[in-house]
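*Asks:*
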Amino acid sequence: MRAVTWHGRADVRVDTVPDPVIQEPTDVIIEVTSSGICGSDLHLIEVMAPFMSVGDVMGHEPMGIVREVGSEVTEVKAGDRVVVPFNISCGTCWMCNQGLQSQCETTQNREQGFGASLFGYTKLYGQVPGGQAEYLRVPFGNTLPIKVPEGPADDRFVYLSDVLPTAWQAVQYAGIPKGGSVLVLGLGPIGDMAARIALQQGAGQVFGADVVPERLARARARGVTVIDTTEQADVVSRVRDATDGRGPDAVIDAVGMEAHGSPLASLAQKATAVVPDAIMEKVMQVVGVDRMAALNTAIEAVRRGGTISLSGVYGGATDPMPLMRMFDKQVQLRMGQANVWRWIPDILPLLTDADPLGVDDFATHHVPLAEAPQAYMNFREKKEGTVKVLLQP
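Residues 2 to 394 in our numbering are what the sequence shown spells out, letter by letter.
#1: Measure from the alpha carbon of VAL15 to the alpha carbon of each residue in PHE115, MET59, GLY257 and MET53, then state which is nearest.
#2: Taking the alpha-carbon of PRO190 as reference, which of VAL213, GLN206 and GLY176 has the nearest alpha-carbon?
#3: Can you tell me whether THR75 is buried or exposed? The criterion is at least 16 other CB atoms within 10 Å of its CB, across all chains shown.
#4: Using the Cα positions of GLY65 and LEU137, report the straight-line distance between them to the nearest angstrom.
#5: According to DSSP, what are the bridge partners of PHE120?
#6: Report yes if the C-beta distance between GLU62 and SER36 is below 8 angstroms; otherwise report no.
#7: Whole angstroms are fine: how far does the CA of ASN143 sit from the CA of CYS105?
#8: Can you tell me which of the three DSSP states GLN173 falls into?
#9: Does the segment 200-207 come within contact of the segment 225-234, defined as at least 3 CB pairs closer than 8 angstroms?
#10: Starting from HIS8, trace the beta strand (DSSP E) both ways and give me its first and last residue.
#11: Under the three-state reduction of DSSP, which class applies to PRO178: helix, strand or coil?
#12: With a CB to CB cut of under 8 angstroms and the five nearest residues on each side skipped, what residues in its chain are close to SER72?
#13: Mapping the DSSP letters down to three states, classify HIS366 as helix, strand or coil.
#14: Which residue comes first and which comes last in the alpha helix (DSSP H) that contains GLU301?
#15: Which residue marks the beginning of the beta strand (DSSP E) containing GLU382, and which one marks its end?
#16: With a CB to CB cut of under 8 angstroms and the five nearest residues on each side skipped, what residues in its chain are close to VAL200?
#17: In its own chain, which residues sit with a C-beta less than 7 angstroms from the C-beta of GLY92, not counting the 5 before and 5 after it?
#18: Among residues of its own chain, excluding the 5 on either side of HIS367, which ones have a beta-carbon nearer than 7 angstroms to its beta-carbon?
#19: Alpha carbon to alpha carbon, how far is ASN98 from LEU349?
#20: Taking VAL22 as the reference, which of ALA196, PRO130 and VAL240 has the closest Cα?
#21: Note down the Cα distance separating ASP155 from GLU382, rounded to an integer number of angstroms.
#22: Where does MET325 land, buried or exposed, given buried means 16+ other C-beta within 10 angstroms?
#23: When we look at the beta-carbon of GLY80 and count the other beta-carbons within 10 Å, is it buried (16 or more) or exposed?
#24: Can you look up ARG138 in the DSSP assignment and give me helix, strand or coil?
#25: With the cut-off set at 8 angstroms, would you say ILE147 and LEU161 are in Cβ contact?
#26: Just curious, the alpha helix (DSSP H) that ILE191 is in, first and last residue?
#27: Report buried or exposed for GLY40, applying the criterion of at least 16 other Cβ atoms within 10 angstroms of its Cβ.
#28: Considering only C-alpha positions, which residue in the set LEU311, MET293, ASP163 and ASN340 is nearest to GLN102?
#29: In or out: PRO346 buried (at least 16 other Cβ within 10 Å) or exposed?
#30: CB-CB under 6 angstroms to VAL1, same chain, minus the five flanking residues each way: which ones, in chain order?
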């Protein structure tokens, strides 16, 4: 089969790799019909490169058609249409029963000290082949795949794999009061969708900060009050002016390690390109390598007693936190990989003919799998109005 594979920093290719096969009686094989490129995929060809291996199959936002099932699979059958969550969870362990599928005890990577395995995402998370491919092996066939109805195009459902539950959890963790205010930092796919969900859930004021014109235009069209800068002082000043001088009730950081603003951290990230992987892998596990500008803006912007929700990915082990400032402001902080199945019952009813979250036209580009390398570069460099890409094998 053809698949998007990792070959080094800023180097993804479409290669021929072995077809997946049933390995356990609860496995299923799906024929992938759509698979998104996620912002965190860009981390794999940049700062997280030391944890990758040449030939790793990428991608964690797939959906498709079940083509083969293991002998113990009873909940799906060949021909069923399914979306595959990005985190690999058994659905039956203690953590899964608490709604913490991202911490699944069956697939936890204990040797690495990390949580549940992820499709297509580094040796830290199991090095499981991903879904930017023609076919995908999916474990836990009775509990992991999300069955979706026939009819609407893939765009209606594919975001159940990651974008929708990640953005939904970001909003839930933000704890925005009814009619309250929230600032979303970063209007890429997750930030954009989080802003839409916040409005749909009853937030009175939703602000979004970014500098990419296409992102700002999309958010503005959905009713978001856009802030066309990411400079901390300007963002804080503008959002306070609009909230009686207090700041918003909540801030969602949808940027993470991609933030600009720290020359030292930026140098550390660039070092991943020149320092041998074996050395940089150890460095990243004990040193802070993130650019903390977005998080620092969130801490400064949020009102006293407010909440910060982190959905942007951070990669450093010992990043400095301004704890005195956070303590003084009585800031609440929530974060973590999205627990996909925890939120599916809440989200699925919204994927109706009315399409209140605008998923049908959320993707800016639909690209054949063969053109994935160029799509990656356009997304990385924010060219050609690229905000969200769906690959179609």
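Just so you know, even glycine gets a beta-carbon here, dropped at the ideal spot from N, CA and C.
*Replies:* The relevant details are as follows:
#1: MET59
#2: VAL213
#3: exposed
#4: 9 angstroms
#5: VAL129
#6: In this structure, the beta-carbon distance from GLU62 to SER36 falls below 8 angstroms.
#7: Straight-line Cα distance between these residues: approximately 15 angstroms.
#8: helix
#9: yes
#10: For HIS8, the uninterrupted beta strand (DSSP E) segment begins and ends at 3-9.
#11: It is coil, neither helix nor strand.
#12: PRO26
#13: strand
#14: 294-302
#15: First-last for GLU382: 373-382, but that is the alpha helix (DSSP H), not the beta strand (DSSP E).
#16: Just to set this straight, residue 200 is Leu in the shown sequence, not Val. Once the five neighbours on either side are set aside, the close Cβ partners of LEU200 are VAL207, ARG223, GLY224 and VAL225.
#17: PHE141, THR144, LEU145 and TRP342
#18: LEU391 and GLN393
#19: 20 angstroms
#20: PRO130
#21: 26 angstroms
#22: exposed
#23: exposed
#24: Here ARG138 sits in strand by DSSP.
#25: yes
#26: Run containing ILE191: 190-201, per the alpha helix (DSSP H) assignment.
#27: buried
#28: ASN340
#29: Answer is exposed; the Cβ neighbour count stays below 16.
#30: For residue 1 there is no data in the structure shown, the boundaries of the chain being 2 and 394.
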